[in-house]
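Residue numbers (the working numbering): 98 to 230. In this text, a Cβ means the ideal position worked out from N, Cα and C, and glycines have one as well.
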């Protein structure tokens, strides 16, 4: 019996790893994902390799990411602050009766906006692309 317990304890030591983000939540610490610099700087143009600069910079409208729609103004303001801190974007609160829509970012083509939404989804931040102009 001791041999089995000893073997199990060695296995548990062999598979022990660094604490995960979930472990920090159980200890009462708030989880804040670390975003890459490309998510925080929307002023950089995302040129597609192999394409000409004129074709990559062609604008087909103005696209933003919509994060949420909230019915309460105070809740929208609180959520705006949270989203702004976690994404690095300046979040706008747009009233479209009966909801306050939280939107951020701004890109000249839909593909770039969809790429940014996909990058944010890796950090569990849900957004979808809306055409503003």
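Sequence-distant Cβ neighbours of residue 158 in its own chain, meaning closer than 7 Å and more than five residues away, are 228, 230.
Non-local C-beta neighbours of residue 170 in its own chain, meaning closer than 7 Å and more than five positions away in sequence, comprise 197, ordered along the chain. If you draw a straight line from the Cα of residue 179 to the Cα of residue 208, it comes to about 26 Å. The distance from the Cβ of residue 200 to that of residue 163 is about 5 Å, consistent with a contact at the 8 Å cut-off. Residue state for residue 156 is assigned as coil, using DSSP reduced to three classes. Excluding sequence positions up to five before and after residue 177, its CB lies within less than 7 Å of the CB of 188, 190, 199, all in the same chain and listed in chain order.
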